[in-house]
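Worksheet: one structure, shown below.
There are 4 protein chains.
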Amino acid sequence: MPLTPEQQAQIDEQRQSPRQTLRTVADGMEQHLFTAYPVLDHGFVRVIDYMGDDAAICQAARVSYGRGTKSVQNDEGLIRYLMRHWHSTPFEMCEVKLHVKLPVFVARQWIRHRTANINEYSGRYSVMDREFYIPAEDKLAAQSSQNHQGRGEVLQGEEAQRVLNLLREDAMRSYDNYESMLSQDGQQGLARELARMNLPTNIYTQWYWKVDLHNLLHFLRLRADSHAQYEIRAYADVICDIVKDWVPAAFGAFRDYRMDAVSLSAQAAAVLKRRLAGDTVTQEHSGMGAREWREFQDVWG
Amino acid sequence: MPLTPEQQAQIDEQRQSPRQTLRTVADGMEQHLFTAYPVLDHGFVRVIDYMGDDAAICQAARVSYGRGTKSVQNDEGLIRYLMRHWHSTPFEMCEVKLHVKLPVFVARQWIRHRTANINEYSGRYSVMDREFYIPAEDKLAAQSSQNHQGRGEVLQGEEAQRVLNLLREDAMRSYDNYESMLSQDGQQGLARELARMNLPTNIYTQWYWKVDLHNLLHFLRLRADSHAQYEIRAYADVICDIVKDWVPAAFGAFRDYRMDAVSLSAQAAAVLKRRLAGDTVTQEHSGMGAREWREFQDVWG
Amino acid sequence: MPLTPEQQAQIDEQRQSPRQTLRTVADGMEQHLFTAYPVLDHGFVRVIDYMGDDAAICQAARVSYGRGTKSVQNDEGLIRYLMRHWHSTPFEMCEVKLHVKLPVFVARQWIRHRTANINEYSGRYSVMDREFYIPAEDKLAAQSSQNHQGRGEVLQGEEAQRVLNLLREDAMRSYDNYESMLSQDGQQGLARELARMNLPTNIYTQWYWKVDLHNLLHFLRLRADSHAQYEIRAYADVICDIVKDWVPAAFGAFRDYRMDAVSLSAQAAAVLKRRLAGDTVTQEHSGMGAREWREFQDVWG
Amino acid sequence: MPLTPEQQAQIDEQRQSPRQTLRTVADGMEQHLFTAYPVLDHGFVRVIDYMGDDAAICQAARVSYGRGTKSVQNDEGLIRYLMRHWHSTPFEMCEVKLHVKLPVFVARQWIRHRTANINEYSGRYSVMDREFYIPAEDKLAAQSSQNHQGRGEVLQGEEAQRVLNLLREDAMRSYDNYESMLSQDGQQGLARELARMNLPTNIYTQWYWKVDLHNLLHFLRLRADSHAQYEIRAYADVICDIVKDWVPAAFGAFRDYRMDAVSLSAQAAAVLKRRLAGDTVTQEHSGMGAREWREFQDVWG
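Chain order of the listed sequences is U, H, S and P.
Letter 21 of the first sequence, counting from 1, is numbered 21 in my numbering, and no numbers are missing.
Letter 301 of the second sequence, counting from 1, is numbered 301 in my numbering, and no numbers are missing.
Letter 277 of the third sequence, counting from 1, is numbered 277 in my numbering, and no numbers are missing.
Letter 56 of the fourth sequence, counting from 1, is numbered 56 in my numbering, and no numbers are missing.
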């Protein structure tokens, strides 16, 4: 359970006092506000605030004086057109602020996305909590034998058990020693900013993360992808579900033109055209390298 | 008057349908929402949307589970501390979206602030309106004789009249010819993306501009400054009034620690210390160049 | 001719004093350094400085201690892999600084690319030169009848002549009046920062523009595209020729996987798969809207 | 010693083959190129590449056709003027690329500076090295009793020894277990991307970091400051020494107007003016809070 009763009470309180506003309200998003959706064993994602909705994308694209929306159908058509033709600026007109609790090694991947605002819990200022990510057994994967940067099959039996034990023991011992170094009981106590260096990167941290919709979709494209590390993908998947309710038309366009889209190189497009004309094309005559040819065949046979 | 009756009706309509939300509501900002505040002769600034308030700055700084605010006084102290010590990220947790109508030459200065989202009215796609900035008589300044990049005294009498006539006539003639080149009456009509090049940069354009509070304050620091060109300062001043009502504590801290603050170089600080100790210091012994010394004396005598 | 003899002499001088460096040197780029390549009627692009080459991309991707390159073939394979899989950060490790002279209306499109460094010639501080873009006759296009944001056929005969005359006359008159307002001959002279507003946006400005290779390629992808306005495409095309000599492997990968690549939506990919299986698919059963279907047919028949 | 003989040989090789270039060469920087300057116990900073020098700042500020420099004295005056008046864009025209080896907890602070390009050694793809930061005894500080986010006195005797032992033992054990989980000797071997989560954040990582001079100086202002954590300050100090040789005029201006400058709030400036006029001002009448007053007194007595 990621939340203490006190934290849950604080969150619940936020859901109990609706207020009036003249701003755009996205009903699909209001229902998600503040709810802490669990991710991994101790993490969560919750929406703190948002700005805009599908209509706000059209309103900005049209530089409107009023709400700027026409029919829902018309708006969806515009949004799909904008996405298809890489007109990204109208999507930047929506913004979302999330509170995320996540292991440090996930945070280190996440923060590579630079066009976002971040406030992280400070281990210089505060004591870290004793919470560590320990993978579920079905997520304890071996090193891939084909891919330097990937996972192979799930570990079995004794090996799996040994790994879980090591991860748990090292986490607990590191934290015990962290506490013991900090302790001011009969000693001065090491500075927090130093003691934290003893903690492994499966410890949980948390941050407020604020990002515009265009950059969020770019994040999701890379991190909800099958090549992303499972642990960050787990967060991306939860965020996808939220975004789908927030801006359904934009998310639909994103899915069709980005997530589920296929990018064909000049060479791959030429091969497909020859195939459509009835030719059989082999790698030698494809203009593609061996690896690219394999990737091509994975999609097109 | 910057707005047509139809535009005013669209704006008014937006103010007439408050909705419920669970998000943070800043009462001081709700009152400004959508109202088009006039700037210069045909321009305006109006708030389309916002995210956060003073409390949201503290909430992010504390990475809180709930509203994250303590007493108003305590929050204000934290905000002032953050501003004083250049902890800028919590201020990035507030966001505002403006609709601005402004002359093109002002837009060219404004867009130099890169950390913002923009959708501008497109002169490729649409026909520009016949609206030009013509300075008020008391803003028609001569070139400064001391400063390459500045204004001197206000032009008088005949010269002022001649300038105003030239600006008006050239604007009208350029626009007449713009229309005549576009016309498809008995001719093909020049492409919009080409015809617009005939228009001078005092023509008005408009855009949606979205920015976080930290970057907005940085914009205001540079553009509400006495060295900024009057025409952009006019916009910055109006935005200052809005921000003051939106996040009063943050704006107060900004005023005290940025806008009205004085930055002393190492040399200037040393001179002040010697003066406080009773010494008289001349430029020769100040470590400052002639120009810097003049700037120093302007503040400290 | 875009350059005065004095400017040409200054440029030539820079090419005459090679120096020794321990840094990476890209021979293909050294030959372009400082040469002002003409664009449009008075514009140019010239390379002021650069950092890195193809090998530097691999060196950063491998976080190498030495030069970080293996065989040229191996490096090219890595670069193509990085481009294909959207690993963009190694491409950010190359940087280029250009001096560009361009019409203001082109500059206004260009500056929308925010991840770059810019110093523009200041019309507040200095007097603008009397140089205006007047399109060549074969570039004087009518408004497209199908596309709000596009060009149709080239204007003919009298209409073309009338347009050229209007553009030339308005430019000259605006500049005459600009000079006359600035003049301090028997009058105070209007401030430069005000007088410039009378100038149309086909006047030339110039700037130093510095950008990393990843963002430069993104710029080229959008601005060397057939949907871009011809006048900015003219600059993008010249820059493409320079980049091709600077980082040939990266540019080749960019051409194959971005410029000449085809992006298939989920729906379009499904249609192609059905076609490859021998089915005939009509728009009704494609899952695509009418406009998207047209775009699809333009490529795939 | 941070480098293996093989790494040192690779670095040395880079210093032995000077080449000719037409670009700007900064002699003060050439001498630093590639040299790995040690930081902390296993870290280093080394310059991989650079673009520009002091003259390049002036060249961009003047949008010059040639080298753009006048006398050295004149250039220094311009640079000081630009720095004093927050004209930051010309400083963005210089760029530097560093190879840095640093503990993960330092990397986590460093990466908060978002306007930079980064390629980090990948623990998904490669096996991490067994190198951990263990503080020198005189850097083993207690938690500050006044400041949540600071260090107090250096730990003494037994406590210091106990801390060092814990840090060393936990690092070694975590690494042993990391290796044992990775091992494919008689078992499948855990995926690298998972095993690395067992490693504490004092393990060393490394990256290529590329940044423009303006953003580098901003980094140095915050990280070479006395409030920065010692471990990142150690890197900032080494970089300061390099920048001083690279762009001496810009660094001098930075030191005088930023690093060693004093920022006075509106209230503090008013107090100083009253003091200069002979008044004695107490906190009650200063308009400052207790904490700000203490900070003021630390500087001004």
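We put the CB at the ideal spot given by N, CA and C, even for glycine.
Reduced DSSP category for H/T280 - H, G, I as helix; E, B as strand; rest coil: As a first step, residue 280 of chain H must be located in the second sequence, where it is residue number 280. Here H/T280 carries a coil assignment [DSSP, helix/strand/coil].
On a CA-only basis, which of H/G43, H/C240, H/D54 and H/Q283 is nearest H/N202? Give me that one, please. Within the second sequence, the letter at position 202 stands for residue 202 of chain H. Distances from the alpha-carbon of H/N202 to those of H/G43, H/C240, H/D54 and H/Q283 put H/G43 closest.
Using the Cβ count rule (16 or more neighbours within 10 Å means buried), how would you classify S/V299? The residue you call residue 299 of chain S lines up with position 299 of the third sequence. Exposed, since its Cβ has fewer than 16 Cβ neighbours within 10 Å.
By the criterion of Cβ-Cβ separation under 9 Å, what are the contact partners of H/T21 in chain U? The residue you call residue 21 of chain H lines up with position 21 of the second sequence. The contact set of H/T21 on chain U, defined by CB atoms closer than 9 Å, consists of P18, R19, Q20, T21, R23, V25, E30 and L33 in chain order.
Complete runs of the alpha helix (DSSP H) confined to the segment 60 to 97 of chain P [at least 4 residues]: Runs found: 72 to 84.
Please report how far the alpha carbon of H/M93 lies from the alpha carbon of U/L222, in whole angstroms. As a first step, residue 93 of chain H is located in the second sequence; it is residue number 93 there, counting from the start. As a first step, residue 222 of chain U is located in the first sequence; it is residue number 222 there, counting from the start. Distance between H/M93 and U/L222, taken at the CA atoms: about 24 Å.
Quick one: Cα of U/M288 to Cα of U/E158, how far? In the first sequence, counting from the first residue as 1, residue 288 of chain U sits at position 288. In the first sequence, counting from the first residue as 1, residue 158 of chain U sits at position 158. Distance between the alpha carbons of U/M288 and U/E158 is about 43 Å.
Rounded C-beta distance between S/Y204 and S/L102? I'm assuming under 8 Å. If you number the third sequence from 1, residue 204 of chain S lands on position 204. If you number the third sequence from 1, residue 102 of chain S lands on position 102. By a beta-carbon distance limit of 8 Å, S/Y204 contacts S/L102. Their separation comes to about 7 Å.
Please work out which residues of its chain come closer than 6 Å, Cβ to Cβ, to S/H105, disregarding the five sequence neighbours upstream and downstream, and give them in chain order. Here residue 105 of chain S is taken as the residue at index 105 of the third sequence, counted from 1. At residue 105 of chain S the sequence reads Phe, which differs from the His that was named. Cβ within range, chain order: T201.
Between the segment 67 to 84 of chain H and the segment 182 to 192 of chain H, do at least 3 Cβ pairs fall closer than 8 Å? Output reads no: the segment 182 to 192 of chain H does not touch the segment 67 to 84 of chain H.
Quick one: what does DSSP say U/P248 is sitting in, helix, strand or coil? Translated into positions along the first sequence, residue 248 of chain U becomes position 248. The answer is helix: DSSP assigns U/P248 an H, G or I state.
Give the residues of chain U in contact with H/K70, contact being defined as C-beta atoms less than 8 Å apart. The residue given as residue 70 of chain H occupies position 70 in the second sequence. Within chain U, not a single residue places a beta-carbon under 8 Å from that of H/K70; the smallest gap is close to 13 Å.
Are the Cβ atoms of H/Y257 and H/H99 separated by less than 9 Å? In the second sequence, the residue the question calls residue 257 of chain H occupies position 257. In the second sequence, the residue the question calls residue 99 of chain H occupies position 99. No, the pair does not count as a contact, with Cβ atoms beyond the cut-off.
Against chain H, does U/L3 count as a neighbour if the rule is that its beta carbon must be under 9 Å from one of theirs? Position 3 of the first sequence, counting from 1, holds the residue named residue 3 of chain U. Yes, U/L3 lies at the interface with chain H (some Cβ there is under 9 Å from its Cβ).
Cβ of U/V25 within 8 Å of any heavy atom in the ligand NAP? Ligands are entirely absent from the displayed structure, and the ligand NAP is therefore not among its contents.
Is U/N202 helix, strand or coil when you go by DSSP? The residue given as residue 202 of chain U occupies position 202 in the first sequence. It is coil, neither helix nor strand.
Can you pull the chain S neighbours of U/L272, defined as C-beta to C-beta under 8 Å? Residue numbering aside, residue 272 of chain U sits at position 272 when the first sequence is read from its first letter. The contacting residues are L272 and L276.
Classify P/L276 as buried or exposed, calling it buried when 16 or more other Cβ atoms lie within 10 Å of its own Cβ. If you number the fourth sequence from 1, residue 276 of chain P lands on position 276. Counting every other CB atom within 10 Å of its CB across the protein chains shown gives P/L276 a total below 16, marking it as exposed.
I'd like to know whether the C-beta atoms of P/R23 and S/D54 end up nearer to each other than 9 Å. Residue 23 of chain P sits at position 23 when you count from the first residue of the fourth sequence. Residue 54 of chain S sits at position 54 when you count from the first residue of the third sequence. The beta carbons of P/R23 and S/D54 sit no closer together than 9 Å.
If you run the structure through DSSP and keep just helix, strand and coil, what is U/R15? In the first sequence, the residue the question calls residue 15 of chain U occupies position 15. Assignment of U/R15 by DSSP, reduced to helix, strand and coil, places it in the coil class.
With 9 Å set as the bound, which would you pick, yes or no: does the beta-carbon of S/V106 sit closer than that to a beta-carbon of chain P? What you label residue 106 of chain S is simply residue 106 of the third sequence in a count that begins at 1. Taking Cβ atoms only, chain P never reaches closer than 9 Å to S/V106, which makes this a no.
Pull up the distance between the alpha-carbon of U/F132 and that of P/Q10, whole angstroms please. For the purposes of this step, residue 132 of chain U is identified with residue 132 of the first sequence, where counting begins at 1. For the purposes of this step, residue 10 of chain P is identified with residue 10 of the fourth sequence, where counting begins at 1. Looking at the backbone, the Cα of U/F132 and that of P/Q10 are separated by about 40 Å.
Could you tell me which residues DSSP pairs with P/I118 in its beta bridges? Working through the fourth sequence from its first residue, we reach residue 118 of chain P at position 118. In DSSP, P/I118 forms a bridge with P/W209.
Would you kindly report the start and end of the unbroken beta strand (DSSP E) that includes U/S263? Here residue 263 of chain U corresponds to residue number 263 of the first sequence, with the count starting at 1. Residues V262 to L264.
Can you name the residues that DSSP bridges to P/D49? As a first step, residue 49 of chain P must be located in the fourth sequence, where it is residue number 49. DSSP lists P/K97 as the bridge partner or partners of P/D49.
Any Cβ of chain H within less than 9 Å of the Cβ of U/M197? Taking the first residue of the first sequence as 1, we reach residue 197 of chain U at position 197. Among the residues facing chain H, U/M197 is not included, as its CB has no counterpart in that chain under 9 Å away.
Kindly indicate if chain S contains any beta-carbon less than 9 Å away from that of H/V281. Along the second sequence, one-based indexing puts residue 281 of chain H at 281. Using beta-carbon distances, H/V281 does not count as an interface residue toward chain S, since no partner is under 9 Å.
By DSSP's criteria, H/N190 is part of a beta bridge. Which residues make up the other side? Residue 190 of chain H sits at position 190 when you count from the first residue of the second sequence. Checking the sequence, you will find Leu at residue 190 of chain H rather than Asn. Residue pairing by DSSP places H/L190 opposite S/A142 in a beta bridge.
Check U/Q20 in the structure and name its three-state DSSP category. By one-based count along the first sequence, residue 20 of chain U stands at place 20. DSSP places U/Q20 in the strand class (E or B) of the three-state scheme.
One question on the structure: do P/W246 and P/V96 come within less than 9 Å of each other, judged by their Cβ atoms? Numbered from its first residue, the fourth sequence carries residue 246 of chain P at position 246. Numbered from its first residue, the fourth sequence carries residue 96 of chain P at position 96. By the CB criterion at 9 Å, P/W246 and P/V96 fall inside the cutoff.
Look at H/R173 and S/R168 and say whether their C-beta atoms are less than 9 Å apart. As a first step, residue 173 of chain H is located in the second sequence; it is residue number 173 there, counting from the start. As a first step, residue 168 of chain S is located in the third sequence; it is residue number 168 there, counting from the start. In terms of Cβ geometry, H/R173 and S/R168 do not form a close pair [threshold 9 Å].
Measuring only between beta-carbons, confirm whether S/E292 sits less than 9 Å from chain U. Looking up residue 292 of chain S in the third sequence gives position 292. It does; some Cβ of chain U falls within 9 Å.
DSSP has U/Y178 in a bridge; who is on the other side? As a first step, residue 178 of chain U must be located in the first sequence, where it is residue number 178. Partner residues in a beta bridge of U/Y178, as assigned by DSSP, do not exist.
Relative to the C-alpha of H/F130, which candidate in H/A142, H/R255, H/A236 and H/N177 has its C-alpha closest? Within the second sequence, residue 130 of chain H is the residue found at index 130, counting from 1. The question names Phe, but residue 130 of chain H in the sequence shown is Arg. Per the Cα distances, H/N177.
Check whether chain P comes within 9 Å of H/Q297, counting only Cβ atoms and requiring the distance to be less than that. Your numbering for residue 297 of chain H matches position 297 in the second sequence. For H/Q297, the answer is no, since every Cβ of chain P falls outside 9 Å of its Cβ.
Using a Cβ-Cβ cut-off of 9 Å, state whether P/D212 counts as contacting chain H. As a first step, residue 212 of chain P is located in the fourth sequence; it is residue number 212 there, counting from the start. Judged by the 9 Å Cβ criterion, P/D212 is not in contact with chain H.
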